[in-house]
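In what follows, a structure is listed as structure tokens, so that the remarks can point back to it.
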Amino acid sequence: MLKTIAGFDRIGEENAFAVLARAQALAAQGQDIINLGIGQPDFRTPEHIVEAAIKALRDGQHGYTAATGIQPLREAVAADLHRRFATDVSPDRVLIVPGGKVTMFMAILMFGEPGADILYPDPGFPIYRSMIEFTGARAIPIPIREENGFAFSAEEALSLITPATRLVIINSPANPTGGVTPKDEIDAFVAGMAKFPDVAIMSDEIYAQMTYDGLEHVSLLTYPEIRDRLILLDGWSKTYAMTGWRMGYSIWPDKLYENARKLAVNSYSCVNSAAQFAGLAALTGPQDCVADMVAEFDRRRRVVVEGLNSLPNVSCATPKGAFYAFPNVSKTGFKAKALASALLEKAGVATIGGPDFGVYGEGYIRLSYANSTENIRAAIERMRTFLETAN
Ligand code: PLP
Numbered sequence: 001m002l003k004t005i006a007g008f009d010r011i012g013e014e015n016a017f018a019v020l021a022r023a024q025a026l027a028a029q030g031q032d033i034i035n036l037g038i039g040q041p042d043f044r045t046p047e048h049i050v051e052a053a054i055k056a057l058r059d060g061q062h063g064y065t066a067a068t069g070i071q072p073l074r075e076a077v078a079a080d081l082h083r084r085f086a087t088d089v090s091p092d093r094v095l096i097v098p099g100g101k102v103t104m105f106m107a108i109l110m111f112g113e114p115g116a117d118i119l120y121p122d123p124g125f126p127i128y129r130s131m132i133e134f135t136g137a138r139a140i141p142i143p144i145r146e147e148n149g150f151a152f153s154a155e156e157a158l159s160l161i162t163p164a165t166r167l168v169i170i171n172s173p174a175n176p177t178g179g180v181t182p183k184d185e186i187d188a189f190v191a192g193m194a195k196f197p198d199v200a201i202m203s204d205e206i207y208a209q210m211t212y213d214g215l216e217h218v219s220l221l222t223y224p225e226i227r228d229r230l231i232l233l234d235g236w237s238k239t240y241a242m243t244g245w246r247m248g249y250s251i252w253p254d255k256l257y258e259n260a261r262k263l264a265v266n267s268y269s270c271v272n273s274a275a276q277f278a279g280l281a282a283l284t285g286p287q288d289c290v291a292d293m294v295a296e297f298d299r300r301r302r303v304v305v306e307g308l309n310s311l312p313n314v315s316c317a318t319p320k321g322a323f324y325a326f327p328n329v330s331k332t333g334f335k336a337k338a339l340a341s342a343l344l345e346k347a348g349v350a351t352i353g354g355p356d357f358g359v360y361g362e363g364y365i366r367l368s369y370a371n372s373t374e375n376i377r378a379a380i381e382r383m384r385t386f387l388e389t390a391n
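Following full-length UniProt numbering, the numbering of the sequence shown begins with 1 at its first residue and continues without gaps.
Written as structure tokens, this is what we have:
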């Protein structure tokens with residue numbers, strides 16, 4: 001028998017992909033499925049970005065690049081961060097990675113080992129916990145609560161830190177809740193972290209440009225006092241509708257950058273060269289494509305929230321960021337996963353059960369509103385029919 005390391009008994013995955021596969025299988029059998037499960041923009045990548053990749057291929061950009069990414073792209077990331085947050089980042093601290101996930105993979109590998117604790121948001125992106133457990137570290141959930149507007153509580157997060165804690169992961173705007181943590185809470189978190197100078201922070205800001213109602217995203221990058229232990233995760237997937245291009249970036253503190261670069265050299269060598277030129281065009285080209293997409297998500301957000309709140313025994317807080325609604329379904333008489341599964345099998349609506357995002361996700365389901373308004377309205381009506389007849 002082949003014997004692999006014990007981590008593989010503990011590694012999890014993202015159920016969103018299993019739901020997608022099931023939805024596609026049902027659709028292949030001829031069923032009409034509305035997919036509100038998967039978390040990716042339904043828009044095409046803007047044309048000028050696609051053209052830049054085609055040009056790069058035509059120009060012969062076919063070889064390896066530096067493991068850290070092409071220099072103009074790292075400079076463009078630094079300039080973009082300066083534009084958005086009026087903060088200076090050296091291009092030498094920017095690492096171009098194949099998708100946002102790779103940053104969390106690297107960060108968790110750097111700090112996770114038996115005996116270590118890593119804190120992560122729950123409900124939250126499922127890969128945090130999966131990767132933490134893979135390394136043998138203890139995954140300690142930071143509860144994300146509806147009564148707190150699905151923001152993380154600085155006090156609660158700080159109270160979970162022990163001498164075993166090596167890394168704290170935070171995420172705002174958040175998947176799966178759409179919660180945005182307000183500035184005073186982030187201020188309190190950063191201030192409290194002064195007591196724990198040996199604990200690293202990974203801030204997942206992949207939805208940074210998707211906030212609504214005039215709310216401004218507060219980047220952890222704007223706090224100089226934690227720069228020496230902050231890992232920033234961001235990328236192109238959501239902002240520029242580029243999930244399939246596998247383009248992300250991270251900002252690393254001086255001490256960790258070399259580790260990250262070596263992990264890159266040891267695993268993927270460099271990100272697809274043409275995709276890097278596409279990423280460059282995204283950052284240096286017109287930004288109205290981002291504003292237009294966010295405005296469209298905002299319109300759909302209103303439709304989905306209003307629709308969900310009109311359903312029997314369902315209530316939905318208005319998400320302040322990302323493109324997810326996380327309605328409370330605890331009064332429907334269904335466990336959340338059973339409801340998600342019944343909605344897919346019987347009503348043809350793909351959603352994800354809250355427990356797929358952690359133990360504090362029970363009582364909720366996640367709907368991605370990265371789908372047309374027409375489909376969202378139809379999905380709500382299907383859910384209404386299902387809930388009215390099921391009760
Ligand atoms: N972080 C969060 C919170 C996400 O929701 C996602 C994707 O859904 C990612 C990171 C990963 O993004 P990427 O597709 O760029 O790997």
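Virtual Cβ for every residue (Gly too), placed ideally from N, Cα, C.
Computed from a predicted model, the values in this text were never measured in an experiment.
Which of helix, strand or coil DSSP assigns to VAL77: helix
Same chain, Cβ closer than 7 Å to MET106, five either side skipped, listed in chain order: ALA260, LEU263
Length at least 4, wholly inside the segment 88-120: the alpha helix (DSSP H) runs in chain order: 100-111
Test item: CB-CB of VAL294 and PRO98 under 8 Å: no
Identity of the residues DSSP links to ASP122 by a beta bridge: PRO143
Proximity below 8 Å, CB of GLN276 to CB of ILE70: yes
Bridge partner(s) assigned by DSSP for ILE170: SER203
Exposure label - LYS238; buried when at least 16 CB within 10 Å: buried
ALA269 burial status per 10 Å Cβ neighbour count (16 or more: buried): Here residue 269 turns out to be Ser, not Ala, going by the sequence shown. Exposed is the call here.
Bridge-paired residues (DSSP) for THR165: ASP117
Delimiting residues of the beta strand (DSSP E) encompassing SER250: 248-251
Sheet register partners of ILE365 (DSSP bridge): GLY353
Identified DSSP bridge partners for GLY235: GLY248
Boundaries of the alpha helix (DSSP H) in which MET293 is found, first to last residue: 288-309
Counted within 10 angstroms of its Cβ, other Cβ atoms place GLN209 as buried (16 or more) or exposed: buried
Cutoff 7 Å; reference MET383; Cβ partners in own chain excluding five residues on either side: LEU311, LEU343, ALA347, VAL349
7 Å Cβ shell around THR351 - same chain, five flanking residues per side excluded: LEU36, GLY37, ALA340, LEU343, ILE365, ARG366, LEU367
Contact between the segment 243-261 and the segment 20-28 (3+ Cβ pairs under 8 Å): no
Quiz: which residues have CB nearer than 6 Å to the ligand PLP non-hydrogen atoms: GLY39, GLY99, GLY100, LYS101, PHE125, ASN171, ASN175, ASP204, ILE206, GLY235, SER237, THR243, GLY248
Three-state secondary structure (DSSP) of THR211: strand
Local conformation of ARG129 per DSSP, three classes: helix
Contact check, ILE140 vs LYS101, beta carbons under 8 Å: no
Cross-strand partners of ILE34 (DSSP beta bridge): VAL349
Among THR87, GLU51, ARG299, GLU147, nearest to SER219 - alpha-carbon criterion: THR87
For ALA21 and LYS31, the rounded distance between their alpha carbons: Looking at the sequence shown, residue 31 is not Lys but Gln. Roughly 14 Å between the two C-alpha positions.
Distance, LEU233 Cα to GLY124 Cα: 15 Å
Boundaries (first-last residue) of the alpha helix (DSSP H) holding LEU57: 47-58
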